[in-house]
Amino acid sequence: MKRTEIDRIEREIKRKEKKDKTLADSGVRNGSVGDYINQLHAAFLFDHNEIFNISSDEGILEILEEMKEALPEKKWVDVFRKAVKKTGIKEKDKAVSELESML
42 MKRTEIDRIE REIKRKEKKD KTLADSGVRN GSVGDYINQL HAAFLFDHNE
92 IFNISSDEGI LEILEEMKEA LPEKKWVDVF RKAVKKTGIK EKDKAVSELE
142 SML
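For what it's worth, this note's numbering labels the leading residue of the sequence shown as 42, then goes sequentially.
Structure (structure tokens):
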């Protein structure tokens with residue numbers, strides 16, 4: 042191989058290592074606001090009007106416990122509102138208040 046090809050391969054390897062390190066470091070953060078919004082939305086069981094499993098699902102409770110440790114308290118309501126909004130239900134306020142009462 043030519044020297045330029047070897048240099049190019051080395052640069053690609055360094056980029057991949059840097060990307061892997063960055064991804065690993067971001068995993069230590071325990072998730073972002075968007076991650077918790079997506080996790081809650083995936084855990085919800087809902088129709089067009091309401092969310093059914095807020096108080097009865099242990100998975101939602103586990104997500105909330107992780108979120109309490111990882112995010113500051115002022116972000117919690119934002120996560121709830123955005124996750125409920127993502128469902129497209131009509132009774133958003135009721136669902137958000139149920140989530141807040143679980144904390």
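Backbone N, C-alpha and C define an ideal beta-carbon position, used for all residues, glycine too.
These numbers come from a predicted model, not from an experiment.
| query | result |
| --- | --- |
| Assuming the contact rule is C-beta atoms closer than 8 Å, Ile130 and Asn94 should be a hit. Round their C-beta distance to whole Å, please. | Contact doesn't hold; Cβ gap of about 13 Å is too wide. |
| Which value, in whole angstroms, describes the spacing of the CA atoms of Lys135 and Glu114? | 20 Å |
| Excluding sequence positions up to five away, which residues of its chain have a Cβ less than 8 Å from the Cβ of Asp88? | Ile130 |
| Glu103 and Phe121 look like a contact to me (Cβ under 8 Å); what is the Cβ gap, rounded to whole Å? | With a Cβ gap of about 16 Å, Glu103 and Phe121 do not count as contacting. |
| If you run the structure through DSSP and keep just helix, strand and coil, what is Ile92? | strand |
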